[in-house]
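Here the working numbering is used: the first residue of the sequence shown is -2, the next is one more, and so on. A short worksheet on the structure shown next.
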Amino acid sequence: MQRIHIHINVANLDQSITFYQQLLGAQPTKVKADYAQWLLDEPAVNLAISTRSRELGVSHLGLQAADSVAWQSLTAQTSGLGAGLQESNTTCCYAKSDKIWYQDPQGISWECFYTKAQTQEYGSAIKQPKLCCG
């Protein structure tokens, strides 16, 4: 299974949590002082919001693999896009993941990833423009 991932930079986390709880009809799966996340099966989405960036709005989009088999399938599916920026066992958004970053023709960042474990740290990814923790 894959989930669409959307990460939105917000100005006020509490107000945004209230809004997205009502919109999605669900409580967040994870809440931190600067971050909240909903992992939903219907619709299959991983929505994350955070106050970590000054640039408000959509940070990036992505595809999340549910397990290692789905990750192998996702990497095979996207292999024709080129090498992408690969990160292994990176800590970002309170999770440890393997990732490959691509940019679409308009310059929108797409994060393809498989989350292996949850962490207590937000983390810091490779310092590249438009990436999640960069």
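Glycine is no exception: its CB is placed at the ideal position from the N, C-alpha and C atoms. For clarity, every value in this text was computed on a predicted model and none was experimentally measured.
- For a cut-off of 8 angstroms, the C-beta gap from residue 53 to residue 92 is around 23 angstroms, too long to register as a contact.
- Note that the C-beta distance between residue 68 and residue 111 is below 8 angstroms.
- Counting only residues of its own chain and dropping the five nearest sequence neighbours on each side, residue 33 has a CB closer than 8 angstroms to the CB of 10, 13, 14, 17, 25, 27, 45, 46 and 47.
- Residue pairing of residue 91 in beta bridges, as defined by DSSP: absent, with no partner found.
- By the criterion of a C-beta distance shorter than 6 angstroms, residue 1 is surrounded in its chain by 42, once the five residues flanking it on both sides are discounted.
- By a beta-carbon distance limit of 8 angstroms, residue 87 contacts residue 94. Their separation comes to about 6 angstroms.
- Counting only unbroken stretches of 4 or more residues, the alpha helix (DSSP H) elements lying wholly within the segment 45 to 114 are 65 to 75, in sequence order.
- By the Cβ-count criterion, residue 20 is exposed, with fewer than 16 other Cβ atoms from all chains shown falling within 10 Å of its own Cβ.
- With 16 or more other CB atoms across the displayed protein chains lying within 10 angstroms of its CB, residue 56 is buried.
- The C-alpha of residue 49 is placed about 32 angstroms away from the C-alpha of residue 66.
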